[in-house]
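Down below is the structure, laid out as structure tokens.
Number of protein chains: 2
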Amino acid sequence: MRIVDVREITQPIASPIRNAYIDFSKMTTSLVAVVTDVVRDGRRVVGYGFNSNGRYGQGGLIRERFAPRLLEAEAKGLLNDTGDNLDPDRCWAAMMKNEKPGGHGERSVAVGTLDMAIWDATAKIAGKPLFRLLADRHGREADPRVFVYAAGGYYYPGKDDDALRAEMRSYLDRGYRVVKMKIGGASQAEDRRRIEAVLTEIGSDAELAVDANGRFDLETAIAYAKALREYPLFWYEEAGDPLDYALQAALAEFYPGPMATGENLFSHQDARNLLRHGGMRPDRDWLQFDCALSYGLCEYQRTLAALKVSGWGWDRCIPHGGHQMSLNIAAGLGLGGNESYPDLFQPYGGFPDSVRVEDSVITMPELPGIGFEGKSDLIKVMRELAE
Amino acid sequence: MRIVDVREITQPIASPIRNAYIDFSKMTTSLVAVVTDVVRDGRRVVGYGFNSNGRYGQGGLIRERFAPRLLEAEAKGLLNDTGDNLDPDRCWAAMMKNEKPGGHGERSVAVGTLDMAIWDATAKIAGKPLFRLLADRHGREADPRVFVYAAGGYYYPGKDDDALRAEMRSYLDRGYRVVKMKIGGASQAEDRRRIEAVLTEIGSDAELAVDANGRFDLETAIAYAKALREYPLFWYEEAGDPLDYALQAALAEFYPGPMATGENLFSHQDARNLLRHGGMRPDRDWLQFDCALSYGLCEYQRTLAALKVSGWGWDRCIPHGGHQMSLNIAAGLGLGGNESYPDLFQPYGGFPDSVRVEDSVITMPELPGIGFEGKSDLIKVMRELAE
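These protein sequence lines map, in sequence, to chains Y and G. Reminder that position 233 of the first sequence reads as 233 in this note's numbering, one-by-one numbering, no gaps. Take any residue in the second sequence, count from 1 to its spot, add 387: that is its number in this note's numbering.
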């Protein structure tokens with residue numbers, strides 16, 4: 001068996017929203033297909049992948065370096081020992097040949113996107129849902145029930161507190177019990193007013209997390225911490241620059257509640273630095289590394305190994321990105337849950353059509369691969385690329 | 388005045404060499420031109436830039452995001468207050484619009500390459516060598532004399548100790564008094580033999596630095612440190628993964644001599660983390676951040692500001708990359724020197740034709756801009772792109 005083609009198309013996932021750092025008016029994603037010559041259930045096996053929102057599609061890098069390396073590698077060198085399936089780690093090594101260490105951005109997205117498609121193909125060839133394949137490989141029992149929370153509360157032109165409250169209410173109506181909103185894109189007084197409006201709206205029906213998207217310097221992060229600690233928040237996310245570990249460590253002095261960060265750290269080395277230098281607390285804080293932006297699941301497993309070395313449970317991970325890939329990792333390897341954007345970045349994000357959110361938990365269907373075939377709007381654009 | 392065009396071409400800088408991490412058989416660079424409508428000395432002013440070796444050309448990202456943002460920005464917003472020249476920081480802000488924090492790789496190269504061209508154009512429009520423009524802006528006196536060392540000693544097929552010695556001798560013959568060779572791509576015993584061969588060859592005529600290119604884990608880095616500290620080396624470079632600050636800090640316990648690192652840290656946040664967490668010693672160690680890979684000179688000035696906050700002198704910086712851009716920064720802002728690859732990556736690296744290395748020092752000629760017009764083989768390929 002072999003990989004016969006690798007395709008990429010860059011698609012808009014633009015929306016009029018903004019967070020404290022960027023607007024999404026020109027946001028794109030790369031949709032990729034890894035086409036094999038294997039047939040299952042009368043159909044050629046094609047693995048699909050895409051990157052999470054926020055870091056743009058990677059058509060250039062995929063075409064310049066990573067797809068050619070996969071296609072030019074000796075076919076056998078990409079397979080497992082018995083030669084009957086792809087070996088994702090060997091595919092990963094082929095893609096990363098002649099890449100220097102350090103500099104983990106952009107290429108981490110290109111490789112993460114292709115890695116998703118490779119794992120999708122691998123699980124389809126094995127005839128298993130990816131989460132079951134993963135659990136088997138790690139000698140664990142899969143748990144198809146995964147915690148999910150609703151990420152939204154973006155800023156956009158003309159959005160007032162009533163609109164924000166209605167948005168949050170709609171997430172509750174759809175079964176979520178934890179919701180998230182953006183902060184740091186307005187004055188602190190305005191953000192407090194927005195937070196209080198949402199807390200009033202959700203009452204005891206749900207909990208609220210807030211996300212500053214790395215906007216604050218140390219003084220502002222501390223000022224917000226002092227204000228936010230008066231509210232019963234689910235977490236205070238990405239206060240400062242994602243690489244400012246000293247800021248993160250200093251914040252713990254001012255904020256006793258849970259904090260979350262990591263969505264903009266794209267390698268196991270960067271993740272390890274957060275654990276070593278960021279003062280994060282393994283009994284309450286959350287880690288949001290997103291494999292689709294971070295060299296994929298092969299690398300994510302190295303990140304999980306680094307967590308183990310540092311004494312962190314894998315259940316402290318709730319990845320960024322809202323994609324089915326991380327749902328599979330959560331169900332297969334016991335992560336704490338996954339992000340979800342109920343109204344954004346469609347058709348890429350979200351769940352298979354049959355899945356319902358109940359009490360902020362979804363149950364994974366038993367679909368071979370990552371499960372894209374169960375989401376009709378998504379598999380339609382995927383098949384347009386490669387089938 | 389305005390920017391009328393931004394051009395990019397990806398060119399091979401392939402060579403049969405390898406370091407401990409990668410081979411350079413498919414290495415490329417992006418050559419870019421920022422074309423203005425300003426005329427100086429009867430010629431349209433075009434700024435040129437290229438990226439350093441090791442991280443590949445960035446045609447995809449430049450075309451997808453960074454060149455369009457420059458060309459779509461309001462022309463006035465890219466100029467200084469008097470409107471008679473570009474403002475590199477405003478150009479930088481336009482390029483980085485809607486880019487999230489963190490993830491400093493690849494795009495840092497794309498932006499660094501364009502930033503080089505923007506500074507070249509800015510200094511040409513001002514009618515000054517870039518190093519004098521920079522010194523003026525910082526209220527310093529420029530020193531056109533810059534320390535340079537010869538980087539080589541790569542591994543390549545069939546290269547024996549005699550060839551290595553002859554290579555090093557040739558650098559001495561060309562005026563260098565510090566030479567550098569690769570380690571970590573062979574066994575420790577073999578590397579010791581290679582080092583001793585070179586030390587015998589250069590005797591008291593020169594000093595030797597060694598470079599592991601981030602290859603070693605902690606145990607190997609320590610084992611090498613114990614062996615290397617017996618030699619009078621100029622420095623021990625990039626022992627471990629560039630982001631493994633804890634490894635770097637641990638090494639100081641075993642290696643009292645000078646160490647050097649930083650060429651694979653591509654933002655001021657990453658550089659600051661090295662200073663905060665890497666245990667580097669401001670009285671003897673060297674910092675090798677390379678602006679061409681790291682969002683350019685606008686960002687490099689933020690890195691220098693972080694050095695000041697941490698108590699480091701700018702003369703502890705000897706950048707990676709061997710390009711005239713860093714020569715200008717060294718001469719203008721008092722860095723400790725610059726890398727040079729006498730036999731590699733031509734025509735991009737090296738000096739203007741009139742420049743000679745004497746006692747490992749070069750003297751900057753008084754050419755407007757970065758000085759590419761003084762290097763005939765380089766300006767020829769540059770003008771083919773845009774003039």
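Glycine residues also receive a C-beta, built at the ideal position from the N, C-alpha and C atoms.
The beta-carbon of Y:Asn-80 is placed no less than 9 Å from the nearest beta-carbon of chain G. Contact between the segment 310-328 of chain Y and the segment 263-276 of chain Y is present: three or more C-beta pairs spanning the two stretches fall below 8 Å. Between the segment 503-512 of chain G and the segment 406-425 of chain G there are three or more C-beta pairs closer than 8 Å, enough to call the two in contact. Taking a contact as a CB-CB distance under 8 Å, the pair Y:Ile-17 and Y:Tyr-156 counts as one, their CB atoms being some 5 Å apart.
DSSP places Y:Thr-303 within a helical segment (H, G or I) once states are collapsed to three. Less than 9 Å divides the Cβ of G:Gly-627 from the Cβ of G:Ala-599. Against chain G, the beta carbon of Y:Tyr-56 has neighbours under 8 Å at Glu-451 and Arg-452, listed in chain order.
DSSP lists Y:Ser-30 as the bridge partner or partners of Y:Thr-10. Scanning Y:Tyr-341, Y:Ala-186, Y:Lys-375 and Y:Gly-336 for the CA closest to the CA of Y:Val-355 turns up Y:Lys-375. Looking at Y:Arg-69, Y:Ala-20 and Y:Ala-121, the one whose alpha-carbon comes closest to that of Y:Val-45 is Y:Ala-121. For G:Ala-538 against G:Ser-727, the beta-carbon gap comes to about 7 Å, under 8 Å, which counts as contact. Sorting G:Gly-489, G:Tyr-642, G:Lys-613 and G:Ala-481 by C-alpha distance to the C-alpha of G:Phe-453 places G:Ala-481 at the top. Separation of Y:Leu-243 and Y:Tyr-56 (C-alpha to C-alpha, rounded to the nearest whole angstrom) is 20 Å.
For G:Lys-413 and Y:Ser-187, the gap between their C-alpha atoms comes out near 50 Å. With respect to chain G, the C-beta atom of Y:Pro-352 has no partner C-beta closer than 9 Å. Looking from the CA of Y:Ser-15, the closest CA among Y:Val-148, Y:Leu-367, Y:Gly-279 and Y:Phe-345 belongs to Y:Phe-345. Nearest neighbour of Y:Ser-310 by Cα position, chosen from Y:Pro-129, Y:Arg-281 and Y:Val-4, turns out to be Y:Arg-281. The segment 143-150 of chain Y and the segment 163-181 of chain Y touch, with no fewer than 3 CB-CB distances between them shorter than 8 Å. Listed along the chain, the chain Y residues whose CB falls inside 7 Å of the CB of G:Tyr-687 amount to none; the nearest CB is some 16 Å away. When Y:Asp-5, Y:Leu-71, Y:Trp-92 and Y:Arg-69 are compared, the shortest CA-CA separation from Y:Asn-80 is found for Y:Trp-92. When C-beta distances to chain G are compared with 7 Å, the residues of the segment 239-254 of chain Y below that value are Asp-241, Pro-242, Leu-243, Asp-244, Tyr-245 and Ala-246, in chain order. By the neighbour-count criterion, in which 16 or more other beta carbons inside 10 Å mark a residue as buried, G:Glu-577 falls on the exposed side. Taking a beta-carbon distance threshold of 9 Å, Y:Ile-13 does not count as an interface residue toward chain G.
Between the segment 224-239 of chain Y and the segment 200-208 of chain Y, the count of Cβ pairs shorter than 8 Å is three or higher; the stretches touch.
Taking all protein chains in view, the Cβ of Y:Val-39 is surrounded by fewer than 16 other Cβ atoms within 10 Å, so the residue is classified as exposed.
For Y:Leu-61, the residues of chain G that pass the 8 Å Cβ criterion are Gly-447, Leu-448 and Glu-493, in the order they occur in the chain. Y:Leu-293 carries a helical assignment under DSSP once its states are collapsed to helix, strand and coil. The beta-carbon of G:Leu-652 is placed less than 9 Å from the nearest beta-carbon of chain Y. In the structure shown, G:Leu-731 falls within a coil segment according to DSSP collapsed to helix, strand and coil. Apart from sequence neighbours up to five positions away, the residues of its chain that approach Y:Glu-201 with a beta-carbon distance below 7 Å are Arg-165, Met-168 and Arg-169, ordered along the chain. Rounded to whole angstroms, the gap between the alpha carbons of G:Asp-702 and Y:Glu-72 is 45 Å.
Using a 10 angstroms sphere on the CB of G:Asp-677, the tally of other CB atoms reaches 16 or more, which defines it as buried. Counting every other CB atom within 10 Å of its CB across the protein chains shown gives G:Asp-657 a total of 16 or more, marking it as buried.
For G:Ile-766, the nearest beta carbon of chain Y is not closer than 9 Å to its own beta carbon. Secondary structure note for G:Leu-595: it is in no alpha helix (DSSP H), and the uninterrupted beta strand (DSSP E) holding it is 594-598. Counting only runs that start and end inside the segment 502-539 of chain G, the alpha helix (DSSP H) elements of at least 4 residues fall at 517-524.
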